[in-house]
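A short write-up of the structure that comes next.
Protein chains in written order, with the numbering used here: chain U, 1027 to 1317; chain B, 1138 to 1625.
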């Protein structure tokens, strides 16, 4: 072993490590002592950490540490605390009537905030994150409502859904007039054009309006009402307005009349707590869609 | 060739020296003189402002904080005497930062690193810590001797060290304590701190600032300026030949000789320098440099070497300011036998002053005309527009009303843009449907969801601007914001 401490670099006057490469020697510049001490302390700390906290994976579980500390338990406590903080407000929300919530700025803000989050988690896949909807999934921002757009009606739809299988769900569907052989293909085309005419859309050349009216009166009035104004009791849409859930072009209408429609809105009762459903109803109503 | 050389005999070449050298402990000697007095004064002023400002009261009326300078984070308010700023007005801080930066440039172009030498917290606190050190352990020689002494620790020495560190920690603790007072009502917080009722975060911050003050001012000192601070590098780029820097006048000082020899040579009528190589300028330097080696990165230009040299010059009967605030141009000129010139007004300083005046003017103007009523509008993105069953178009906006005044307001909202548009605020049953009214409590904001519905006829197919006016119906104060009305 070389006694490198005696090997002094002539230029700097400092000792070298004794290591030499191609005539170049390495100066002995140890790490600062505070740094080394800190480094060793972190190692000691880490070992302590292994022992005190749950750390090592075993075959079917893990070491549990000295004090039974667990981050999972911590999260549970935090969540419970959060519930406690929010609890009073959510109770107030649950107690207030829907109309009162909208009139109270504080409750409205809470309901909108809560509703928005829950909407994003549960409703956005079909209705879109802003409730803009898509073909077959109603736009919740407009003023056209299959099952009614008042606060109570929205709440009911969210609670029980439509054709959801829930006992209180909205029922009623568009029949498949073509598939079931009720109407002939040419009658369907006429009916489609008649419906387009109801909302002021252009019709096919040579289409027989009188025949259309007759078909409509015989088959459609029962649900869509006289003049096709619709009926929220049955979820029958208004055929005279500018809003079309499945499209207003002739082909779409022919498909609708032939095949029928029966979109499903799930029931949220039991999946979301009552206060949350209330918040959601207020949120959806405040999107601008409410009546 | 390869004969060992004593390191002490090696020529010093600062430019090619190592980038990092082990800390050489600096023992600045106490000194008195003009610049020292200025430094004491500024230190007292800076520390006084820092430590006592939170206790200054300012009456803002009932319900509002009565602390002159308060950063109220929970309520997102910043109070500075008569100024109250909201989070939306953080641009004032941008202005403040611009003014501060340019003021620093201006200082630098006029008088070099005035900031470093007199005003920088690192300088101020280190100076204070040195003062404590001198008070407890004695001046330069004494401290050097005590540190070098290999005697076993005597009780006297141990008590000295303990006393010094205790005072340092006390100063550090007070520094942290004053810091937290800016974030809460000072007298209340002091009471809470003493009775251990204060929030944990206050103790944490006091701990952090105690530690940083103690470490930075007690141990790292000049190393902070040399290795940690970016300003020495930046100021090197800002300085020019006219900036007044602490300068050794080598035209007058060289060649250095002893007092005795200088007298002899002068008697013979020979040219001798005034510098007697007494090293007083080095002894007092808080960064441990020799100013006679010219401008250096480490020099914080505190002017203490000027005081030291002036004292010596007075003793040996030579004119003062062998070291003084001067520039390189004048050294050149003196060597050429010309009179020195000083140019403070020049393009650079005029430009900096103009920027400060302009930004400061804008800030004062906007502050003076600051509106106490404000409105922000955010257009719904998803969907941007909705077609209603009768074919009309509706856009939804999130409107935030800001009432910065000390009284509740009744605010009416109008929207100007689409032809024959109606507006509706969710949750508001307005008697007049085209002009909803909302109460916004004092010193608070209200967020509303506002719907603008326009009949399809008469409105363009594309987006058109829409202007929202909010009016305080009591006082007639108006604020407005512009957004777009979009067709689907």
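Where a beta carbon is used, it is the ideal one built from N, C-alpha and C, also for glycine.
**Item:** Contact set for residue 1138 of chain B: own chain, Cβ-Cβ below 8 angstroms, skip 5 residues either direction
**Value:** Legend: pLDDT at residue 1138 of chain B = 37, less than 50; position of this residue unreliable, no value from coordinates given.
**Request:** Tell me whether residue 1253 of chain U is buried or exposed, calling it buried when 16 or more other Cβ atoms sit within 10 Å of its Cβ.
**Result:** exposed
**Request:** Answer yes or no: does any C-beta atom of chain B fall closer than 8 angstroms to that of residue 1269 of chain U?
**Result:** yes
**Item:** Residue(s) in a DSSP beta bridge with residue 1291 of chain U
**Value:** U:1188
**Request:** Would you mind reading off the limits of the beta strand (DSSP E) that contains residue 1298 of chain B?
**Result:** Careful: residue 1298 of chain B lies outside any beta strand (DSSP E), inside the alpha helix (DSSP H) at 1292–1318.
**Prompt:** Any C-beta of chain B sitting closer than 8 angstroms to the C-beta of residue 1129 of chain U?
**Reply:** yes
**Request:** Using a cut-off of 7 angstroms between C-beta atoms, extract the partners of residue 1154 of chain U located in chain B.
**Result:** 1519
**Prompt:** What does residue 1176 of chain U touch in chain B if you count any residue whose Cβ is under 9 angstroms from its own?
**Reply:** Correct list: empty, because the minimum Cβ distance to chain B is about 14 angstroms.
**Asked** What is the DSSP secondary structure of residue 1634 of chain B, reduced to helix, strand or coil?
**Response** Nothing about residue 1634 of chain B can be read from this structure; chain B reaches only from 1138 to 1625.
**Request:** Go through the stretch 1321–1365 of chain B residue by residue and report every complete run of the alpha helix (DSSP H) that reaches 4 residues or more, in order.
**Result:** 1323–1331 and 1337–1352
**Prompt:** In chain order, what residues of the same chain lie with their CB nearer than 7 angstroms to the CB of residue 1593 of chain B, ignoring the 5 residues before and after it?
**Reply:** 1528, 1529 and 1530
**Item:** Own chain, CB closer than 6 angstroms to residue 1264 of chain U, minus 5 neighbours either side, in chain order
**Value:** 1255 and 1256
**Message:** Between residue 1100 of chain U and chain B, is any beta-carbon pair separated by less than 8 angstroms?
**Reply:** no
**Request:** Compare the C-beta of residue 1312 of chain U with all C-beta atoms of chain B and state if any pair is closer than 8 angstroms.
**Result:** yes
**Request:** Give the residues from the stretch 1552–1569 of chain B that approach chain U closer than 7 angstroms (Cβ to any Cβ), ordered along the chain.
**Result:** 1563 and 1564
**Asked** With a cut-off of 8 angstroms, does the C-beta of residue 1148 of chain B fall near any C-beta of chain U?
**Response** The predicted position of residue 1148 of chain B is uncertain, since its pLDDT is 49 and thus under 50; no value can be drawn from it.
**Cβ pair residue 1240 of chain U, residue 1124 of chain U closer than 8 angstroms** = no
**Request:** In angstroms with no decimal places, state the Cα-to-Cα distance between residue 1028 of chain U and residue 1044 of chain U.
**Result:** Bear in mind that the predicted position of residue 1028 of chain U carries a pLDDT of just 47, short of 50, making it too unreliable to give a figure here.
**Request:** For residue 1294 of chain U, I'd like the list of residues in its chain whose CB is within less than 8 angstroms of its CB, leaving aside the five on either flank, ordered along the chain.
**Result:** 1148, 1184, 1185, 1187, 1303 and 1306
**Item:** Beta-carbon contacts of residue 1252 of chain B that lie in its chain and below 8 angstroms, excluding the five residues immediately before and after
**Value:** 1241, 1244, 1245 and 1368
**Request:** Could you list which residues in chain U have their beta carbon closer than 8 angstroms to that of residue 1584 of chain B, in chain order?
**Result:** 1135
**Request:** Could you round the C-beta distance between residue 1616 of chain B and residue 1511 of chain B to whole angstroms and report it? I think they count as a contact, below 8 angstroms.
**Result:** 5 angstroms
**Asked** At which residues does the alpha helix (DSSP H) containing residue 1233 of chain B begin and terminate?
**Response** 1228–1248
**Asked** Ordered along the chain, which non-local residues of its own chain (more than five positions away) have a Cβ less than 7 angstroms from that of residue 1083 of chain B?
**Response** This structure cannot settle anything about residue 1083 of chain B, because the visible part of chain B is limited to 1138 through 1625.
**Request:** Return the chain-ordered list of same chain residues with a C-beta closer than 7 angstroms to the C-beta of residue 1280 of chain U, the five sequence neighbours on each side being excluded.
**Result:** 1214, 1215 and 1218
**Request:** Could you pull the start and end residues of the beta strand (DSSP E) that residue 1214 of chain B belongs to?
**Result:** 1214–1217
**Request:** Mind reading off the beta-carbon distance from residue 1486 of chain B to residue 1515 of chain B? Whole number of angstroms is fine, and I expect it under 8 angstroms.
**Result:** That belief does not hold up - the Cβ atoms of residue 1486 of chain B and residue 1515 of chain B are roughly 45 angstroms apart, past 8 angstroms.
**Message:** Whole angstroms are fine: how far does the CA of residue 1549 of chain B sit from the CA of residue 1614 of chain B?
**Reply:** 11 angstroms
**Message:** Please report whether the beta-carbon of residue 1121 of chain U lies at a distance below 8 angstroms from any beta-carbon of chain B.
**Reply:** no
**Message:** Can you look up residue 1120 of chain U in the DSSP assignment and give me helix, strand or coil?
**Reply:** helix
**Prompt:** Looking at the structure shown, is residue 1597 of chain B part of a helix, part of a strand, or coil, going by DSSP?
**Reply:** coil
**Request:** Can you check the stretch 1169–1221 of chain B for any alpha helix (DSSP H) of at least 4 residues that lies completely inside it and give the ranges in chain order?
**Result:** 1171–1189
**Prompt:** Within the 8 angstroms Cβ cut-off, does residue 1206 of chain U reach chain B?
**Reply:** no
**Request:** Take the Cβ of residue 1477 of chain B as the centre, count every other Cβ of all protein chains shown within 10 Å, and call the residue buried at 16 or more, exposed below.
**Result:** exposed
**Asked** DSSP on residue 1583 of chain B, reduced to helix/strand/coil?
**Response** strand
**Request:** Out of U:1244, U:1297, U:1242 and U:1168, point me to the one whose CA is closest to residue 1644 of chain B's CA.
**Result:** There is simply no residue 1644 of chain B to check, as chain B begins at 1138 and stops at 1625 in what is shown.
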